[in-house]
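A.B. asks: Please find one structure pasted underneath; my questions will follow.
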Amino acid sequence: MAEGSKDQGGVGTTDPEEDSPNMIVYRKIEDIVTRIQDEKAGGVAIRTVKSFLSKIPSVVSGADIVQWLMKNLSIEDPAEAIHLGSLVAAHGYIFPISDHVLTLKDDGTLYRFQSPYFWPSNCWEPENTDYAIYLCKRTMQNKARLELADYEAENLARLQRAFARKWEFIFMQAEAQVKIDRKKDKAERKILDSQERAFWDVHRPVPGCVNTTEMDIRKCRREKNPHRVKKSVYGVPDDGQSQPSPVHISSQPTRKPTKEDVQKEITFLNTQLDRHCMKVSKVADSLMSYTEQFMEYDPFVAAIEPSNPWLSDDTAFWDLEASRDPSQQRVKKWGFSLEEALKDPAGRDQFLKFLESEFSSENLRFWLAVQDLKRRPLQEVASRAQEIWQEFLAEGAPSSINLDSHSYERTSQNLKDPGRYSYEDAQEHIFKLMKSDSYARFLRSNIYQDLLLARKKQPADTEQGRRTSLEKFTRSVGKSLTGKRLTGLMQSS
Amino acid sequence: MFYLDFLIVILCFKPFRCRSLPAQRKYMRSPLIPEMATQEVQLNETLAHLKTESETLKSKLEEERAKLHDVELHQVAEKVEGLGQFVMKTRRTLKGHGNKVLCMDWCKDKRRIVSSSQDGKVIVWDAFTTNKEHAVTMPCTWVMACAYAPSGCAVACGGLDNKCSVYPLSLDKNENLAAKKKSVAMHTNYLSACSFTNSDMQILTSSGDGTCALWDVESGQLLQSFHGHAADVLCLDLAPSETGNTFVSGGCDKKANVWDMRSGQCIQSFETHESDINSVRYYPSGDAFASGSDDATCRLYDLRADREVAIYSKESIIFGVSSVDFSLSGRLLFGGYNDYTINVWDVLKGTRVSILFGHENRVSTLRVSPDGTAFSTGSWDHTLRVCDDCYFFIGIKYNQNLCTFNFTPCAPDKPPLSLTATHLPKYSNLKKHIYRST
């Protein structure tokens with residue numbers, strides 16, 4: 001049973017399917033499992049444990065495995081180590097010797113390692129005939145500890161009905177397997193039996209347990225065995241009636257690059273070489289300052305007024321955001337950049353209002369019209385583009401905007417075949433204009449400053465005084481509570 | 001026709017700059033033009049030349065870029081204040097799907113969610129109340145992509161049917177949504193991701209056929225297609241800029257490509273992952289993007305430096321990342337993993353600040369809500385969860401008004417970082433009814 005040779009590629013062949021996502025994970029787990037078993041290199045001690053009248057060969061305690069994981073994979077939290085260990089078990093690499101449920105416990109529960117023959121990386125997809133043989137075989141081995149669990153008995157009954165016609169064949173196969181097993185050494189049999197059971201716990205899991213053999217359908221076709229040729233666990237020849245796995249979809253192998261592809265790549269690489277890039281230090285500073293600026297608006301990092309709706313079940317925060325009466329904090333954001341101001345509908349309105357007061361709103365209205373153009377359905381694009389031209393750019397247009405001659409030329413050329421990107425150049429030019437000119441003035445304007453400083457104009461010293469003492473109180477409450485984060489409700493009447 | 005082909009061969013026969021000839025090349029093997037046979041042999045040799053040239057350019061590019069890599073992001077970020085302890089909690093659990101949840105998206109109203117699953121069902125929820133508002137059954141299984149329209153009036157979805165369909169959402173709950181279904185996108189393999197652009201009128205899709213495409217919803221017409229990935233494209237994200245016209249895609253060829261939507265050209269490409277890229281998401285400023293891959297790492301790529309600037313990984317994390325998203329400021333990166341957990345990373349410092357357990361099977365999709373107040377995850381365990389930071393939250397009831405205080409997360413030995421209050425009550429009454437929720 002411990003035939004270790006894999007028939008898919010010998011050692012050293014570069015099999016592209018080896019890099020499939022599942023294989024990557026399996027190899028990592030296999031590396032971990034191999035290291036755990038390597039006692040000389042700091043692995044756990046695998047020993048025989050005496051139990052009542054018998055010996056339990058080749059086991060390890062759950063606690064030992066957890067300890068090893070914490071020490072060797074730099075895990076600080078035991079919960080994380082238990083979780084990882086449980087996943088290793090769920091995939092069938094370790095298993096508890098007296099439970100069908102494959103999880104890791106941080107105590108004296110005994111575990112055994114799976115034989116490489118049964119490793120998931122061998123792409124097993126065992127048929128129900130094999131499972132039937134296995135369950136049948138179990139019923140023949142009259143040992144209390146190998147008795148079928150309830151769900152196994154149900155499975156067996158179901159299979160007996162399904163395979164009624166060929167049950168005799170299955171029975172014979174089971175008998176043959178029992179004969180083979182009887183020839184083996186007692187201790188060895190214990191180990192092999194448990195490994196076989198663990199194998200089936202992975203492929204026919206206890207109801208309610210996760211079936212870790214389920215695949216992401218997008219990754220299936222690159223599996224080592226994409227056609228899922230069935231290999232029988234018990235050497236039963238495939239009778240040709242097995243269906244191809246339903247998860248198999250028509251394979252589309254990675255396209256080999258053609259000359260055209262390489263040509264394109266060369267052009268692309270040349271363009272990249274000509275690109276002017278920033279230093280990482282500059283880029284890092286930029287990322288940091290952006291984050292810094294927005295952290296006070298980030299509900300995961302800073303408190304939001306009045307409360308996070310998901311926490312307090314109160315939608316006040318959303319109601320405030322929807323209102324056209326913006327908070328100071330929100331108004332402050334408009335000052336970060338023109339983009340931020342335009343992103344917020346209230347900001348857009350206020351900026352427009354300011355421009356109208358200066359009789360220079362045509363720039364913003366043009367910009368907004370072009371944004372709208374890009375969002376139109378295809379059939380409306382041409383006519384809308386013409387309308388924009390008439391309104392903003394034509395001779396004697398009602399809302400004439402100032403474009404440099406170059407952009408003007410480009411745009412009128414584009415309009416010969418109007419599309420949603422006809423005004424890109426013009427829009428970019430106008431945006432830069434607004435940013436350098438009107439936006440700066442907007443930030444200095446009364447309209448903006450009034451909104452920004454609104455709250456500071458609030459009267460009432462008495463209210464201030466109350467707030468201060470309130471703050472003091474809650475601060476002291478806060479201090480005394482920080483030490484007791486996880487205590488329950490407290491009430492004082 | 002034949003004459004023209006002959007002409008093309010003559011014009012193209014320049015070493016190192018030959019365009020590959022179409023299948024008509026076969027016609028060249030006519031006895032009338034015996035030289036063509038040897039020319040073909042020479043053309044084949046130039047493929048090897050081209051590949052060498054490409055490799056040389058790649059090395060040169062790497063050399064140039066490396067010169068600009070003068071410091072690591074986490075080194076520069078040493079001067080930034082640390083974030084302290086984070087505890088995340090599940091605030092809502094949405095149950096109702098009968099099989100693996102594969103994809104979800106938020107509505108712009110910050111509370112509604114659309115989700116799709118392996119059993120073909122697409123459900124629209126009001127996540128705040130956990131009510132199901134709409135449900136559609138698709139004609140195929142494995143609905144791997146779904147998206148909410150910006151107006152909130154429609155949803156798009158698709159999967160093994162190779163299509164992307166748009167369903168307008170009706171206010172009448174009894175109306176059969178499937179009747180108004182509109183088929184928009186057609187690919188030659190499964191639909192892996194879809195997203196509306198800034199309007200309900202265009203949809204961007206990515207597919208297992210290796211391409212992305214931009215479609216006009218009303219007419220179903222293909223506006224632009226994007227070729228360049230050498231294998232399935234698994235994910236995409238649109239640049240957050242109001243004026244931007246770019247998007248990023250990630251695929252099974254381990255590449256993340258940035259595309260110009262106007263021209264269909266790939267403008268930047270990044271290849272440092274060791275396996276499939278399952279998810280890409282722009283940093284809020286649009287200057288960078290993060291990716292999550294089956295190689296168990298998340299990475300940050302900056303567009304201005306044209307380079308990977310950070311890797312988020314740990315020795316103990318060995319399962320692939322299925323989806324990533326940033327918090328509103330870009331300080332936090334949330335990753336949903338195939339080991340059923342969610343890891344939260346400090347983007348600047350590169351460290352993990354929190355791990356969240358709770359799902360009982362793979363996390364397949366993760367999105368932060370539009371205003372950043374929460375994030376939602378979907379899992380193979382058939383549920384969706386909406387999760388949040390665990391603040392100190394003390395509510396003080398005064399008469400009937402609820403006065404709430406929010407404390408920002410902080411280390412146990414430090415005082416709370418900030419404090420806000422509404423409905424200020426009289427000090428003397430504060431001691432009544434103090435309760436706390438975490």
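Order-wise, the sequence lines are chains A and B.
Last residue of the first sequence: 493 in full-length UniProt numbering, with the numbers rising by one and none dropped.
Last residue of the second sequence: 438 in full-length UniProt numbering, with the numbers rising by one and none dropped.
For every residue, glycine included, the Cβ atom is placed at its ideal position computed from N, Cα and C.
The structure displayed is predicted, hence computed values, not measured ones.
#1: Can you pull the DSSP bridge partners for E39/A?
#2: Can you name the residues of chain A whose CB is closer than 9 Å to the CB of P284/B?
#3: Listed in chain order, which residues of the stretch 346–373 of chain B have Cβ atoms closer than 9 Å to some Cβ of chain A?
#4: Against chain B, with Cβ distances strictly below 9 Å, would Q413/A count as a contact?
#5: Who pairs with S195/B in a beta bridge, going by DSSP?
#6: Under a CB-based cut-off of 9 Å, is A132/A close to chain B?
#7: Step through the CB atoms of chain A and report whether any lies within less than 9 Å of the CB of I318/B.
#8: Could you name the residues of chain D that L110/A contacts, counting a contact when the two beta carbons are closer than 9 Å?
#9: Taking the alpha carbon of A63/A as the point to measure from, which residue in L110/A, A198/A, P57/A, T34/A has its own alpha carbon closest?
#10: Any idea if F317/A is buried or exposed, counting beta-carbon neighbours within 10 angstroms, 16 or more meaning buried?
#11: Should F351/A be counted as a contact of the ligand NAD given a C-beta to heavy atom distance under 8 Å?
#12: Can you name the residues that DSSP bridges to H227/B?
#13: Give the secondary structure of T34/A by DSSP, where H, G and I count as helix, E and B as strand, and everything else as coil.
#14: Here's the rule I'm using: 16 or more other beta-carbon atoms within 10 Å means buried, otherwise exposed. How should I170/A be labelled?
#15: Return the first residue and the last residue of the alpha helix (DSSP H) that H134/B is part of.
#16: Are the C-beta atoms of N245/B and some chain A residue less than 9 Å apart?
#17: So, helix, strand or coil for W345/B, using DSSP?
#18: Alpha carbon to alpha carbon, how far is L73/A from G43/A?
#19: Counting only Cβ pairs nearer than 9 Å, list the residues of chain A close to E242/B.
#20: Which first and last residues belong to the alpha helix (DSSP H) in which R367/B is found?
#21: On the three-state DSSP scale, how would you describe V236/A?
#22: Return helix, strand or coil for Y93/A, following the three-state DSSP convention.
#23: Can you grab the Cα-Cα spacing for the pair E154/A / H100/A, in whole Å?
#24: Check whether chain B comes within 9 Å of K105/A, counting only Cβ atoms and requiring the distance to be less than that.
#25: Does the beta carbon of N308/A come closer than 9 Å to any beta carbon on chain B?
#26: Take the Cβ of D274/A as the centre, count every other Cβ of all protein chains shown within 10 Å, and call the residue buried at 16 or more, exposed below.
#27: I need the DSSP call for K456/A, collapsed to helix, strand or coil.
#28: Is there at least one Cβ from chain B nearer than 9 Å to L273/A's Cβ?
#29: For a test of the three-state rule: what should DSSP assign to S323/B, helix, strand or coil?
#30: With a cut-off of 9 Å, does the C-beta of M434/A fall near any C-beta of chain B?
#31: In this structure, what does DSSP give as the bridge partners for Y439/A?
#32: Using the beta-carbon count (16 or more within 10 Å), is H382/B buried or exposed?
#33: Touching or not, the stretch 172–185 of chain A and the stretch 199–219 of chain A, by the rule of three or more beta carbon pairs under 8 Å?
#34: For the alpha helix (DSSP H) that contains R158/A, what are its first and last residues?
#35: Grouping DSSP H, G and I as helix and E and B as strand, with all else coil, what is A63/A?
#36: Rounded to whole angstroms, what is the Cα-Cα separation between D77/A and M70/A?
C.D. replies: The answer reads as follows:
#1: Numbered from 1 along the first sequence, position 39 holds the residue referred to as residue 39/A. For E39/A, which the question treats as bridged, DSSP gives no partner whatsoever.
#2: Taking the first residue of the second sequence as position 1, residue 284/B is located at position 284. Result: Y290, T291, F294.
#3: Flagged, chain order: V347, L348, I355, F357, E360, N361, R362, S364, V368, S369, D371, G372, T373.
#4: Position 413 of the first sequence, counted from the first residue, corresponds to residue 413/A. No, its Cβ sits nowhere closer than 9 Å to a Cβ of chain B.
#5: For the purposes of this step, residue 195/B is taken as the residue at position 195 of the second sequence. DSSP output for S195/B lists L204/B as bridge partner(s).
#6: The sequence position of residue 132/A within the first sequence is 132, counting from 1. Not one chain B Cβ lies under 9 Å of A132/A.
#7: In the second sequence, the residue the question calls residue 318/B occupies position 318. It does: the Cβ of I318/B has a partner Cβ on chain A nearer than 9 Å.
#8: Absent from the structure is chain D; the protein chains it does hold are A and B.
#9: As a first step, residue 63/A is located in the first sequence; it is residue number 63 there, counting from the start. That would be L110/A, whose Cα lies nearest to the Cα of A63/A.
#10: Stepping through the first sequence from its first residue, residue 317/A is reached at position 317. F317/A comes out buried.
#11: The model depicted lacks the ligand NAD and carries no ligand whatsoever.
#12: Residue 227/B sits at position 227 when you count from the first residue of the second sequence. In DSSP, H227/B forms a bridge with T211/B.
#13: Residue 34/A sits at position 34 when you count from the first residue of the first sequence. The answer is helix: DSSP assigns T34/A an H, G or I state.
#14: The sequence position of residue 170/A within the first sequence is 170, counting from 1. That one is buried.
#15: Taking the first residue of the second sequence as 1, we reach residue 134/B at position 134. Not the alpha helix (DSSP H): H134/B falls in the beta strand (DSSP E), residues 131–137.
#16: Within the second sequence, numbered from 1, the residue matching residue 245/B stands at position 245. Yes, contact with chain A.
#17: Sequence index remark: in the second sequence, residue 345/B carries index 345 (1-based). Looking at W345/B - three-state DSSP - the assignment turns out to be strand.
#18: Translated into the one-based positions of the first sequence, residue 73/A becomes position 73. Translated into the one-based positions of the first sequence, residue 43/A becomes position 43. Going by the C-alpha atoms only, they are around 12 Å apart.
#19: Mapped onto the second sequence, residue 242/B falls at position 242. Neighbours of E242/B on chain A, chain order: E339, L342, K343, Q371.
#20: By one-based count along the second sequence, residue 367/B stands at place 367. Where R367/B is concerned, there is no enclosing alpha helix (DSSP H), although the beta strand (DSSP E) it sits in stretches over 363–368.
#21: Residue 236/A sits at position 236 when you count from the first residue of the first sequence. Coil, per DSSP.
#22: By one-based count along the first sequence, residue 93/A stands at place 93. Correct three-state label for Y93/A: coil.
#23: Position 154 of the first sequence holds residue 154/A. Position 100 of the first sequence holds residue 100/A. Distance between the alpha carbons of E154/A and H100/A is about 15 Å.
#24: Here residue 105/A refers to the residue found at position 105 when the first sequence is read from its first residue. No, K105/A lies away from the interface with chain B (no Cβ there is under 9 Å from its Cβ).
#25: Here residue 308/A refers to the residue found at position 308 of the first sequence. Output row for N308/A: interface = yes.
#26: Translated into positions along the first sequence, residue 274/A becomes position 274. The residue in question, D274/A, is exposed, as its Cβ has fewer than 16 Cβ neighbours within 10 Å.
#27: The count along the first sequence starts at 1 and reaches residue 456/A at position 456. The pLDDT assigned to K456/A is 45, lower than 50, so where the model puts this residue is not dependable; a value taken from the coordinates is nonetheless given after this. Helix.
#28: The residue given as residue 273/A occupies position 273 in the first sequence. Chain B has a Cβ within less than 9 Å of the Cβ of L273/A.
#29: The residue labelled residue 323/B in the question sits at position 323 within the second sequence. Secondary structure at S323/B: strand, using DSSP grouped into helix, strand and coil.
#30: One-based indexing of the first sequence puts residue 434/A at position 434. For M434/A, the answer is no, since every Cβ of chain B falls outside 9 Å of its Cβ.
#31: If you number the first sequence from 1, residue 439/A lands on position 439. Under DSSP, Y439/A takes part in no beta bridge, so it has no partner.
#32: The residue given as residue 382/B occupies position 382 in the second sequence. Label assigned to H382/B: buried.
#33: no
#34: Indexing the first sequence from 1 puts residue 158/A at position 158. Here the alpha helix (DSSP H) through R158/A covers 150–162.
#35: Looking up residue 63/A in the first sequence gives position 63. In this structure, A63/A counts as helix in the three-state DSSP scheme.
#36: The residue given as residue 77/A occupies position 77 in the first sequence. The residue given as residue 70/A occupies position 70 in the first sequence. Whole-angstrom Cα-Cα distance: 8 Å.
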